[in-house]
Amino acid sequence: MSKFPKILSIIFCSLLCATPVLASKLNLGREATKAEIKAWDIDVRPDGQGLPEGKGTVEKGEQVFSEQCAACHGDFGEGVDRWPVLAGGLGTIKGDDPVKTVGSYWPYASTVFDYIYRAMPFGNAQSLSPDEVYAVTAYILHLNEIVKEDFELSKKNFTSIKMPNEKNFFADPRPDTPTMKKKKPCMENCKKKVKITKRARVINVTPDQNKNSTSKE
Amino acid sequence: MTKKLNTPELSRRALLKSAAAGGVTLAATATGVTEATAAQALEKETKENPITTKQDWNQVLGDGVDANPYGKPSEYEKNVIRRSVPWLTASPESSINFTPLHELDGIITPNGLCFERHHAGIAEVDPSEHRLMINGLVDKPLVFTMEDLKRFPRTNKIYFLECAANSGMEWRGAQLNGCQFTHGMIHCVNYTGVLLKDILAEAGLKTNAKWLMPEGADASGMNRSIPIEKALKDCMVAFKMNGEALRPEQGYPIRLVIPGWEGNMWVKWLRRIEVGDMPWHAREETSKYTDLMENGKARRFTWEMDCKSIITNPSPQAPITHGKGHTVLTGLAWSGRGKVDRVDITLDGGKNWQKARIDGPSLDKALHRFYFEFEWDGRPLLLQSRAIDETGYVQPTKDELREVRGTNSIYHNNGIQTWHVNAKGDAENVEIS
């Protein structure tokens, strides 16, 4: 108990009073082995925690990418059909049609590693070696003009990579619209005129639900 | 039910049945409604009256027990299904479908109708091979079997789960014509499971434990960062929904429950929770699930689901088919910050509002069902609902949201929805001044 943070011991104290049986450990589960933790603990954080030993060059990454990723993401990360775009979009984030990519939007390079290592290639996840993930991450960073063509990414130099859009993220400021404290909602004679400004039928992108298309004209 | 009258391929018998089910048809006729469908129905009804005509089921034996060891809905309910919008995503394994809100009532979503969102398809997990690992900043890293988990004290809670992208297609204007598509990324079920804090206590949290990273066993290895305060407050590891095992598409055998917070965090097929001292900034909390503002800055860790409501009937998929007269309007309201205190309804596009009636249980971070009964005079309607939660948060208009957030933020669109109902009773998704 002495090792619990304060908040947990307070909760436990109140539980202790009400239901003593919960206060002590239940002795459920068993200790995880080192090999088990190693097998599953694949996450990587911005400070580099979790990075496996290894390294990979942009050049090697291009080879992995063209073999295992380009079919969906395009040779240069431009995205085939509706598959995700991984590169480009620099300078579009402020505009009307933002293209969010690793280079234009992602705040941390560690996210690229963490995500590819756990989830890509789509349909054959967790099949790449650490060296291949370093290499393909280096290649995606290169496509986004974050590292040079001759760059080799490694566990050692990983945290030196800074992403251009990192500074543009901020904490959730909601509620960001008026609450009852500021403004009681109007109930009567709230406006004089009402006009329809937009219609879904004009856009006409709703799937045809043939069997219950009850909303006929 | 009378809406099936419009459906050509239905049998004569089904037609009669639906006319009978909507007893309103008869009543409405008595009050002088001249709607073509109502008149047709009455004509058929007098020729082949469902009371004076014997039905098959009045005379013939039906199926015996065990005809369906796991029961299923009536064949007349075959339109009550989840639906997707194929053009939204590149592949069905990384996609979403929608709960048919307009077909449901009360506050509980049936298990087979809870919307699905997968990032690498549905993992078919063998529960005997499933383990939950707790590692990181703990005194002793632990592994639990399903049997172990079921030996913790259990709790039952009804919570809504809403995808942060619900209504996300509507940021730039009315687009999808139906509440299933505009608001169907939500469900509300009764979870049975154990409190996360009890599981963490078994492993023993170190004093610098500040964040958790739950991770899924599916091929996307879904991972998110959760602050420890929330985890110790009310999070659950659930293994049952509405009394039965979680459905595979909802994370069988276990999923995380994070009351009031965006659905993406409720990691399905939960296999590991790492305890750490800082957030991970995983792909789903950087590339996705961050809210881009007009000035190029982006909000992160926008976990809470704001207070929101939707009129489910009438709506584009559920028009008024009985003509003018007594009409039941119904819908759903919810808030990630607690209970819903009040729902207001307008029939005239916001000129005048009246309080709706919340019926059924009013539970913390659960769906609330509201009704508003009125005499429809047959004139076009501009319907809106506005929910207010127990913290005093008032559901904003879409324009109020756009004023502060612009139109690029994709997530957390809880703006007031407008349905235009024309004189025939058909409804359309519109926006108004």
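For the protein sequence lines, the chains are W and U, in the order given.
Quick note on this note's numbering: the first sequence kicks off at 162 and runs consecutively.
Quick note on this note's numbering: the second sequence kicks off at 1251 and runs consecutively.
Glycine included, C-beta positions come from ideal geometry on N, C-alpha and C.
Leaving out five residues on either side along the sequence, give the residues of the same chain with a beta carbon under 6 Å from the beta carbon of residue i.
{"i": "Ser1345 (chain U)", "result": "Thr1339"}
{"i": "Val1590 (chain U)", "result": "Ala1583, His1618, Ala1637, Asp1639"}
{"i": "Ile1595 (chain U)", "result": "Gln1604, Ala1606, Phe1622, Ser1635"}
{"i": "Cys1557 (chain U)", "result": "Ser1585, Ala1637, Asp1639, Tyr1643, Gln1645"}
{"i": "Gln1667 (chain U)", "result": "Ile1560"}
{"i": "Leu1631 (chain U)", "result": "Leu1597, Val1671"}
If you run the structure through DSSP and keep just helix, strand and coil, what is residue i?
{"i": "Gln1667 (chain U)", "result": "coil"}
{"i": "Phe274 (chain W)", "result": "helix"}
{"i": "Glu1343 (chain U)", "result": "coil"}
{"i": "Thr320 (chain W)", "result": "helix"}
{"i": "Phe1394 (chain U)", "result": "strand"}
{"i": "Cys1429 (chain U)", "result": "helix"}
{"i": "Val225 (chain W)", "result": "helix"}
{"i": "Trp1553 (chain U)", "result": "coil"}
{"i": "His1618 (chain U)", "result": "strand"}
{"i": "Tyr300 (chain W)", "result": "helix"}
{"i": "Thr1634 (chain U)", "result": "A small correction: the amino acid at residue 1634 (chain U) is Gln; Thr does not occupy that position in the sequence shown. In the structure shown, Gln1634 (chain U) sits in a strand (DSSP, three-state: E or B)."}
{"i": "Ser1378 (chain U)", "result": "helix"}
{"i": "Asp1609 (chain U)", "result": "strand"}
{"i": "Tyr1643 (chain U)", "result": "strand"}
{"i": "Lys1558 (chain U)", "result": "strand"}
{"i": "Glu1298 (chain U)", "result": "coil"}
{"i": "Arg1522 (chain U)", "result": "strand"}
{"i": "Cys233 (chain W)", "result": "helix"}
{"i": "Glu313 (chain W)", "result": "strand"}
{"i": "Ile1508 (chain U)", "result": "coil"}
{"i": "Tyr1441 (chain U)", "result": "strand"}
{"i": "Leu289 (chain W)", "result": "coil"}
{"i": "Ile198 (chain W)", "result": "helix"}
{"i": "Trp1337 (chain U)", "result": "helix"}
{"i": "Val219 (chain W)", "result": "helix"}
With 8 Å set as the bound, which would you pick, yes or no: does the beta-carbon of residue i sit closer than that to a beta-carbon of chain U?
{"i": "Phe237 (chain W)", "result": "no"}
{"i": "Gly217 (chain W)", "result": "no"}
{"i": "Tyr266 (chain W)", "result": "yes"}
{"i": "Val355 (chain W)", "result": "yes"}
{"i": "Thr272 (chain W)", "result": "yes"}
{"i": "Asn305 (chain W)", "result": "no"}
{"i": "Asp292 (chain W)", "result": "no"}
{"i": "Cys230 (chain W)", "result": "no"}
{"i": "Asn393 (chain W)", "result": "Residue 393 (chain W) falls outside the range modelled here, since chain W spans only 162 to 378, and no answer is possible."}
{"i": "Ala196 (chain W)", "result": "no"}
{"i": "Pro346 (chain W)", "result": "yes"}
{"i": "Thr358 (chain W)", "result": "yes"}
{"i": "Leu189 (chain W)", "result": "yes"}
{"i": "Ala299 (chain W)", "result": "no"}
Chain W beta carbons: is any one of them nearer than 8 Å to that of residue i?
{"i": "Phe1431 (chain U)", "result": "yes"}
{"i": "Met1463 (chain U)", "result": "yes"}
{"i": "Thr1349 (chain U)", "result": "no"}
{"i": "Pro1391 (chain U)", "result": "yes"}
{"i": "Thr1536 (chain U)", "result": "yes"}
{"i": "Trp1421 (chain U)", "result": "no"}
{"i": "Asp1376 (chain U)", "result": "no"}
{"i": "Phe1410 (chain U)", "result": "no"}
{"i": "Lys1547 (chain U)", "result": "yes"}
{"i": "Ile1638 (chain U)", "result": "yes"}
{"i": "Glu1678 (chain U)", "result": "yes"}
{"i": "Thr1405 (chain U)", "result": "no"}
Assuming residue i and residue j make a contact with CB atoms under 8 Å, what is their CB distance in whole Å?
{"i": "Leu247 (chain W)", "j": "Ile301 (chain W)", "result": "6 Å"}
{"i": "Ala296 (chain W)", "j": "Thr218 (chain W)", "result": "6 Å"}
Note down, in chain order, each residue of its chain lying with its Cβ closer than 7 Å to the Cβ of residue i, except the 5 sequence neighbours on either side.
{"i": "His1395 (chain U)", "result": "Residue identity differs from the one stated: residue 1395 (chain U) is Thr in this sequence, not His. Counting only Cβ-Cβ distances below 7 Å, and skipping sequence neighbours, we find Arg1381."}
{"i": "Phe237 (chain W)", "result": "Ala248, Leu304"}
{"i": "Thr1281 (chain U)", "result": "Annotation note: pLDDT 42 at Thr1281 (chain U) (below 50); position unreliable, coordinate value reported separately. Around Thr1281 (chain U): Gly1575."}
{"i": "Asn365 (chain W)", "result": "none"}
{"i": "Ala231 (chain W)", "result": "none"}
Given residue i, which residues of its chain have a CB within under 8 Å of its CB, disregarding the five upstream and five downstream residues?
{"i": "Lys1304 (chain U)", "result": "none"}
{"i": "Gly1466 (chain U)", "result": "Ala1373, Met1472, Asn1473, Gly1501, Val1517, Lys1518, Trp1519, Leu1520, Arg1521"}
(Q) By the 7 Å beta-carbon criterion, what residues does the segment 1640 to 1673 of chain U contribute toward chain W? (A) Answer set for the segment 1640 to 1673 of chain U: Gly1642, Tyr1643, Val1644, Pro1646, Glu1650, Leu1651, Val1654, Asn1658, His1670.
Q. Taking Cβ-Cβ distances below 9 Å as the criterion, which residues of the segment 331 to 342 of chain W are in contact with chain U?
A. Those residues of the segment 331 to 342 of chain W that come within reach of chain U (Cβ to Cβ, closer than 9 Å) are Phe331, Ala332, Asp333, Pro334, Arg335, Pro336, Asp337, Thr338, Pro339, Thr340, Met341, Lys342.
Q) the segment 1479 to 1491 of chain U: which residues have C-beta closer than 8 Å to a C-beta of chain W, in chain order? A) Per Cβ criterion, the list reads Glu1479, Leu1482.
Q.
If the cut-off is 9 Å on Cβ atoms, which residues from the segment 198 to 218 of chain W count as contacting chain U, listed in chain order?
A. So the close ones are Ile198, Trp201, Asp202, Ile203, Asp204, Val205, Arg206, Pro207, Asp208, Gln210, Gly211.
Q. Mind listing which residues of the segment 1593 to 1621 of chain U have their C-beta closer than 9 Å to chain W's C-betas, in chain order?
A. The residues in question are Asp1594, Thr1596, Asp1598, Gly1599, Gly1600, Lys1601, Asn1602, Trp1603, Gln1604, Lys1605.
Q: Give the residues from the segment 241 to 254 of chain W that approach chain U closer than 7 Å (Cβ to any Cβ), ordered along the chain.
A: Those would be Asp242, Arg243, Trp244, Ile254, in chain order.
Q: May I ask you to list, following chain order, the residues of the segment 1547 to 1573 of chain U that have a beta carbon less than 8 Å from some beta carbon of chain W?
A: Taking a C-beta cut-off of 8 Å against chain W, the contacting residues of the segment 1547 to 1573 of chain U are Lys1547, Ala1548, Arg1549, Arg1550, Phe1551, Thr1552, Trp1553, Glu1554, Asp1556, Pro1566, Gln1567, Ala1568, Pro1569, Thr1571, listed in chain order.
Q) What residues from the segment 1494 to 1509 of chain U come within 8 Å of chain W, judged by C-beta to C-beta, listed N to C? A) Cβ contacts with chain W: none found.
Q | Short-range partners of chain W found in the segment 1360 to 1386 of chain U, where Cβ spacing is below 9 Å | A | Listed by position along the chain: His1369, Ala1370, Gly1371, Arg1381, Leu1382, Met1383, Ile1384, Asn1385, Gly1386.
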